[in-house]
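**Q**
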Amino acid sequence: MTTLATRRQAGPGGSTASHPARSGTSSVGRPGFAWALPATIFFALFALVPLAAVAVLSFTSWSGLGDPEFVGLENWETLIADPVMLQSLWLSLLFIVLGVVTQTPLSILLGVWAAGHQRNRAVLSAIYFIPLLLSSAAISVLWRALLDPNFGLPGQLPWLFGDGNLLGTQAGAIGVLIFVGMWQFTPFHTLIYQGAAKGIPTVLYQAASIDGAGMVRQFFSITLPQLRNTAITSIILMVVGGLTTFETVLILTDGGPGTDTTITAFYMYQEAFQSFDFGVGSAIALVLVVVATLISLVVVKVSGYDKMNSSLEGL
Amino acid sequence: MNNRTWMSRGLAGTAVMMLGLTLAGCGGGSSDASSRPENELHVTVYGDASNKVEEAMVAKFNETSDVKVVLDTIPGADYQTKLQTIIDTDSAPDVFFNWGGGSIANFVKADLLLPLDDFIEEDPQLKDAFLPSVFETAEIDGKSYGIPMRGTQPVMLFNNSEVLKQAGIDAPPATWDELLDAVEKLKAAGVTPIALGGADQWPTQMWFQYVFDRVAGEGLFQAALDGDTEVWDSEESREALGKLRELIDAGAFGTNFDSVKFTDGGSPTLLSSGRAGFELMGSWAYATHLDANPEFAENVLGYSEFPEIEGGKGDPHNLAGNTNNFYSVHKDTRYPEEAAEFLKLMYSDEFVQEQIAIGNLPTTTNTVEFLDQASNPEYAKYQFDLVKDAPHFQLSWDQAYPPEARVTIHTAVSQFFSGKIDEDGFIKAMQGL
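If you're matching them up, the sequences are chains P and L in order. Quick note on my numbering: the first sequence kicks off at 259 and runs consecutively. Quick note on my numbering: the second sequence kicks off at 992 and runs consecutively.
(1) Beta strand (DSSP E) containing methionine 1147 (chain L): first to last residue?
(2) When you compare only the Cα positions, how much space is there between valine 381 (chain P) and glycine 322 (chain P)?
(3) State the start and end residues of the unbroken beta strand (DSSP E) segment that holds leucine 1386 (chain L).
(4) Does alanine 1365 (chain L) pass the burial test, meaning 16 or more other C-beta atoms within 10 Å, or should it be called exposed?
(5) Hey, would you say the C-beta of glycine 470 (chain P) is under 7 Å away from at least one heavy atom of the ligand GTP?
(6) With distance defined between alpha-carbon atoms, name the residue in P:His447, P:Val557, P:Gly539 nearest to aspartate 340 (chain P).
(7) Does aspartate 1063 (chain L) come within less than 8 Å of chain P when only Cβ atoms are used?
(8) Along the alpha helix (DSSP H) that carries asparagine 333 (chain P), what are the first and last residues, could you check?
(9) For the segment 1385–1417 of chain L, list every residue whose C-beta sits within 7 Å of some C-beta in chain P, in sequence order.
(10) In this structure, how does DSSP classify threonine 481 (chain P) when only helix, strand and coil are distinguished?
(11) State the DSSP-derived secondary structure class of alanine 1371 (chain L), mapped to helix, strand or coil.
(12) Since proline 1353 (chain L) and leucine 1362 (chain L) are thought to touch, with beta carbons under 8 Å apart, how far apart are those beta carbons, to the nearest angstrom?
(13) Put valine 1034 (chain L) into one of helix, strand or coil per three-state DSSP.
(14) Hey, quick one: how far does the beta strand (DSSP E) through tyrosine 1136 (chain L) stretch, first residue to last?
(15) Run down chain L in chain order and give the residues with a C-beta less than 7 Å from the C-beta of proline 589 (chain P).
(16) For phenylalanine 419 (chain P), which residues of its own chain have a beta-carbon under 6 Å away from its beta-carbon, when the five flanking residues on both sides are left out?
(17) So if I threshold CB-CB distances at 9 Å, which residues from the segment 1088–1099 of chain L count as touching chain P?
(18) Use the C-beta contact count for serine 398 (chain P): other C-beta atoms within 10 angstroms, 16 or more gives buried, fewer gives exposed.
(19) Mind listing which residues of the segment 423–438 of chain P have their C-beta closer than 7 Å to chain L's C-betas, in chain order?
(20) Taking three-plus beta-carbon pairs below 8 Å as touching, is the segment 1274–1292 of chain L in contact with the segment 1077–1090 of chain L?
(21) Using a threshold of 8 Å, state whether the C-beta atoms of isoleucine 1111 (chain L) and lysine 1100 (chain L) are closer than that.
(22) Between the beta-carbon of threonine 517 (chain P) and the beta-carbon of glutamine 345 (chain P), is there less than 8 Å?
(23) According to the Cβ coordinates, are valine 1034 (chain L) and asparagine 1042 (chain L) closer than 8 Å?
(24) If we cut at 8 Å on Cβ distances, does isoleucine 1185 (chain L) have a partner in chain P?
(25) What is the DSSP secondary structure of leucine 1062 (chain L), counted as helix, strand or coil?
(26) Pick helix, strand or coil for serine 540 (chain P), following the three-state DSSP scheme.
(27) Determine the extent of the beta strand (DSSP E) in which isoleucine 1185 (chain L) is found, giving its start and end residues.
(28) Do you know offhand how far serine 393 (chain P)'s Cα is from alanine 1083 (chain L)'s?
(29) Look at the Cβ atom of valine 497 (chain P), then the Cβ atom of isoleucine 553 (chain P), and state whether they are nearer than 8 Å.
(30) Take valine 1378 (chain L) as the anchor and find which of L:Trp1388, L:Thr1358, L:Asp1389 has the nearest alpha-carbon.
(31) Could you check what DSSP says for phenylalanine 409 (chain P) in three-state terms: helix, strand or coil?
(32) With which residues is methionine 1272 (chain L) paired in a DSSP beta bridge?
(33) For the beta strand (DSSP E) containing phenylalanine 1110 (chain L), list its first residue and its last residue.
(34) Under a CB-based cut-off of 8 Å, is glutamine 1075 (chain L) close to chain P?
(35) What is the DSSP secondary structure of glycine 1312 (chain L), reduced to helix, strand or coil?
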């Protein structure tokens, strides 16, 4: 027992020491299937099996009582004729576009700034990252209270907010949701950009300086192109986040006023868990899966992400 | 690794994981008594401050019974969802809390509940000890499915008596015209006439419940509930909607009610801080104010019945709101005898006294003997008399209909108030139920 253990211990250790180059080359090859097993099992259990079950449920009528009853295409016909469903898809799309448009420039600027060596940078960065530490539910409750028309900010600043009916109009409610999303997620994307900006080799900037490029020119000609890969990652995360936005809608607007902010993910919840129509809820879920897949394929194709191998292009 | 593959897989995975949770806890299928736990009677209740009385009742019951009651509480907001998920499985409760009416209609249809008429035949007190207008709420197709527990919660017109006095209003409005008159006076005094938590949607619905009842009587809603959706397009229905529109257009609710909530303290604070004159709310508003601002609740807060509408068919003493909470019994319970014994505690003096002590108002005939023990006996008596003398107590619309109708009703009432849909839009939405 003891000898065996000792020998085993000595075996690989000794060989690694005597052939340092070998361990490097062996890991370059394709890892065995066994390595993918844990992730595959996890993925199958929590993604593929539920997906298949949702697909089956979408052809049934089920309230949670008794057994699901097969109804063919009825749920899909309902959804196609449902104006709220169509509106929810447009709203989801609008949320994604507005989210990307507002969060991306802000987080690039903040991220590049936070990657520098300015005084107070560390302290200010730490403050900017605070929203990242709060849960979505807490953030929503907080903003809900801050935006109360009578006892919140709008009540104190009537010249800016009018009667304070922010969450009572469609434009106001969408504006609030986009703003809160920006407040909540910009720090995360700032963090991504900060890391990427720090990784840009300084020789590029030194060369640009010698060529006479100023700060602004360096930002547009070096920093932005070098952040391209990062931007795609960040935007894809925003798209996924936008599609699955749920808690903020639930707590801030409850899909209202009326159905004015009922985005697809929220509508799915409403149909399945408030109206107990799991068939229609599952159909909406499938629509979301298809839409999310399509969007991701489009983003990957358009950005040329699949052809890029390294972010250090031009070096 | 191929970037495209992992990107799309990762994306799809993320989305699917979120959605896949939809299915968590799917089960279903029937159960029978033998697969249920031995010597245990599971009682499931809505988790909140009232649980301490239920715990005391359970402890009392368990002292003498061989079959022990186990109390399971489900936190408030998730109650109906959790219940609907487990009710048709082996882990379904034997006895469970509900709101009567639509909240159990689907369970009755799925043949999951035990009619309690046999229990009542053995012990008539199980029915006779409760006020009839309340007991009716849990009767479906002529059979009784629920025994009242906890308290009744009628909706009343609350007011800030100081604000009314300053605006020159001597008494709460007894008629619709007086209400319109009060609205003008309050507007002139520079306050929002009526606080409304429109963002919660159900407070908006309260206005519909009362105006429809006053104008058309209780028959219209009952007919609609029974499937005659044409009544929504009747003359009375249009008249009721016209009355509501008149009130909204008069500026009674201000302009930003759709951003205000009752549940986060927004609308009650408008009333208690003197920035609004009235609020139509369930009787729990008293407890809400007592908690936030005891001095206001005890000295300034006023309350009255919903005003009469001249020429309307409804009795001016009809009520609307949450008639009561109920205990229903699962058909597959292993111990129906013990369940019946447990239900008998609901009209016991001890139960009634404990409910009153924590601010609930039980609807038993013996409640009246103990009203002096309430924290505000005057308020408790006023409320009890309202319920006792009401010819009809309309269960809140969103609870009278099965849960699947809730979103449609809430959306319709809220869009009507914000002006997004008109009379025709509202009628069409309600006819779609």
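Glycine included, C-beta positions come from ideal geometry on N, C-alpha and C.
**A** Inspection of the coordinates gives the following:
(1) As a working note, residue 1147 (chain L) is residue 156 in the second sequence. Segment 1144–1151, the beta strand (DSSP E) holding methionine 1147 (chain L).
(2) Walking along the first sequence from the start, residue 381 (chain P) turns up at place 123. Walking along the first sequence from the start, residue 322 (chain P) turns up at place 64. If I take the Cα positions, the gap works out to 52 Å.
(3) Start at 1 with the first residue of the second sequence, and residue 1386 (chain L) comes out as number 395. Taken as a continuous stretch (DSSP letters only), the beta strand (DSSP E) holding leucine 1386 (chain L) covers 1384–1386.
(4) The sequence position of residue 1365 (chain L) within the second sequence is 374, counting from 1. So alanine 1365 (chain L) counts as buried.
(5) No copy of the ligand GTP occurs in the structure displayed, which carries no ligand at all.
(6) Here residue 340 (chain P) is taken as the residue at index 82 of the first sequence, counted from 1. Per the Cα distances, P:Gly539.
(7) Taking the second sequence and counting its residues from 1, the one referred to as residue 1063 (chain L) is at position 72. Not an interface residue.
(8) In the first sequence, the residue the question calls residue 333 (chain P) occupies position 75. Where asparagine 333 (chain P) is concerned, the enclosing alpha helix (DSSP H) stretches over 332–339.
(9) Pro1394, Glu1395, Arg1397, Val1398, Thr1402, Ser1405, Gln1406, Ser1409, Lys1411
(10) Within the first sequence, numbered from 1, the residue matching residue 481 (chain P) stands at position 223. Threonine 481 (chain P): helix per DSSP, three-state reduction.
(11) The residue given as residue 1371 (chain L) occupies position 380 in the second sequence. It is helical.
(12) Taking the second sequence and counting its residues from 1, one reaches residue 1353 (chain L) at position 362. Taking the second sequence and counting its residues from 1, one reaches residue 1362 (chain L) at position 371. About 10 Å separates the two Cβ atoms, so there is no contact after all.
(13) Against the second sequence, residue 1034 (chain L) aligns to sequence position 43. Here valine 1034 (chain L) sits in strand by DSSP.
(14) Along the second sequence, one-based indexing puts residue 1136 (chain L) at 145. Neither: tyrosine 1136 (chain L) is in no beta strand (DSSP E) and is coded neither H nor E.
(15) The displayed coordinates of chain P run from 259 to 573. Any statement about residue 589 (chain P) would go beyond what the structure contains.
(16) Taking the first sequence and counting its residues from 1, the one referred to as residue 419 (chain P) is at position 161. If we look at phenylalanine 419 (chain P) and ignore the five residues flanking it on each side, its Cβ neighbours are Pro412.
(17) Asn1097, Phe1098
(18) Here the question's residue 398 (chain P) lines up with position 140 in the first sequence. Classification for serine 398 (chain P): buried.
(19) Asn423, Leu424, Leu425, Gly426
(20) no
(21) Taking the second sequence and counting its residues from 1, the one referred to as residue 1111 (chain L) is at position 120. Taking the second sequence and counting its residues from 1, the one referred to as residue 1100 (chain L) is at position 109. Cβ atoms of isoleucine 1111 (chain L) and lysine 1100 (chain L): not closer than 8 Å.
(22) Here the question's residue 517 (chain P) lines up with position 259 in the first sequence. Here the question's residue 345 (chain P) lines up with position 87 in the first sequence. Yes, they are a contact pair.
(23) Taking the second sequence and counting its residues from 1, the one referred to as residue 1034 (chain L) is at position 43. Taking the second sequence and counting its residues from 1, the one referred to as residue 1042 (chain L) is at position 51. Valine 1034 (chain L) places its beta carbon 8 Å or farther from that of asparagine 1042 (chain L).
(24) Here residue 1185 (chain L) corresponds to residue number 194 of the second sequence, with the count starting at 1. It does not: the Cβ of isoleucine 1185 (chain L) has no partner Cβ on chain P nearer than 8 Å.
(25) Taking the first residue of the second sequence as 1, we reach residue 1062 (chain L) at position 71. Reduced to three states, the DSSP call for leucine 1062 (chain L) is strand.
(26) For the purposes of this step, residue 540 (chain P) is taken as the residue at position 282 of the first sequence. Collapsing the DSSP output to three states places serine 540 (chain P) in a helix.
(27) As a position in the second sequence, residue 1185 (chain L) is number 194, starting the count at 1. Here the beta strand (DSSP E) through isoleucine 1185 (chain L) covers 1183–1186.
(28) Counted from its first residue, the first sequence places residue 393 (chain P) at position 135. Counted from its first residue, the second sequence places residue 1083 (chain L) at position 92. Approximately 33 Å, taken between the alpha carbons.
(29) Taking the first residue of the first sequence as position 1, residue 497 (chain P) is located at position 239. Taking the first residue of the first sequence as position 1, residue 553 (chain P) is located at position 295. A contact, by the Cβ cut-off of 8 Å.
(30) On the second sequence, residue 1378 (chain L) is found 387 positions in, with the first residue counted as 1. Cα-wise, what sits closest to valine 1378 (chain L) is L:Thr1358.
(31) Position 151 of the first sequence holds residue 409 (chain P). Residue state, collapsed to three classes: coil.
(32) Translated into the one-based positions of the second sequence, residue 1272 (chain L) becomes position 281. For methionine 1272 (chain L), which the question treats as bridged, DSSP gives the partners L:Met1147.
(33) Translated into the one-based positions of the second sequence, residue 1110 (chain L) becomes position 119. Note, phenylalanine 1110 (chain L): premise wrong, no beta strand (DSSP E); alpha helix (DSSP H) at 1108–1113.
(34) Taking the second sequence and counting its residues from 1, one reaches residue 1075 (chain L) at position 84. Yes, its Cβ sits closer than 8 Å to a Cβ of chain P.
(35) Walking along the second sequence from the start, residue 1312 (chain L) turns up at place 321. If DSSP states are grouped into helix, strand and coil, glycine 1312 (chain L) belongs with the strands.
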